[in-house]
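*Asks:*
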Amino acid sequence: MGLFRLLFWLALIIAAVWLCRRLLQAKPQKSQKTRLAKPQPMVRCGHCGVHIPRDKALPHGELWFCCQDHLQKSLSSER
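Take 74 as the starting number for the sequence shown in our numbering and just add one per residue.
#1: Since Val116 contacts Trp91 with CB under 8 Å, what's their CB separation in whole angstroms?
#2: Look at the alpha carbon of Gly122 and the alpha carbon of Leu96, and state the distance between them as a whole number of angstroms.
#3: Start and end of the alpha helix (DSSP H) containing His143?
#4: Output needed for Gln141: all residues of its chain with C-beta closer than 7 Å, excluding positions within five of it in sequence on either side, in chain order.
#5: Whose C-beta lies closer than 6 Å to the C-beta of Ile86 among residues of the same chain, with five residues either side of it excluded?
#6: By how many angstroms is the C-alpha of Leu109 removed from the C-alpha of Leu83?
#7: Per DSSP, which one or two residues make a beta bridge with Pro132?
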């Protein structure tokens, strides 16, 4: 009977340690997900049509551009 009790408690302790480790490892993964940047609205370049995040685009009137070169080409074609 003593051997059965020893094995029972040993199995219970191992299961508790395994469960605690598993729960502690799951928490950092959840916090990493919350740190991800929120999705940004996308705009289309008025010259080449590439979609880029609005915070990285260059605005000109109603149009958005992906780089300074495309903005300049648009300005020169308006003249």
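Backbone N, C-alpha and C fix where the C-beta goes; we use that ideal spot for every residue, glycine too.
*Replies:* Working from what's here:
#1: Actually they are not in contact, since the Cβ atoms of Val116 and Trp91 sit about 50 Å apart, beyond 8 Å.
#2: Gly122 and Leu96 have their alpha carbons spaced roughly 47 Å apart.
#3: Its alpha helix (DSSP H) spans residues 141-151.
#4: If we look at Gln141 and ignore the five residues flanking it on each side, its Cβ neighbours are Leu131.
#5: Result list for Ile86: empty, nothing under 6 Å.
#6: Using only the alpha carbons, I get a separation of about 41 Å.
#7: Per DSSP, Trp137.
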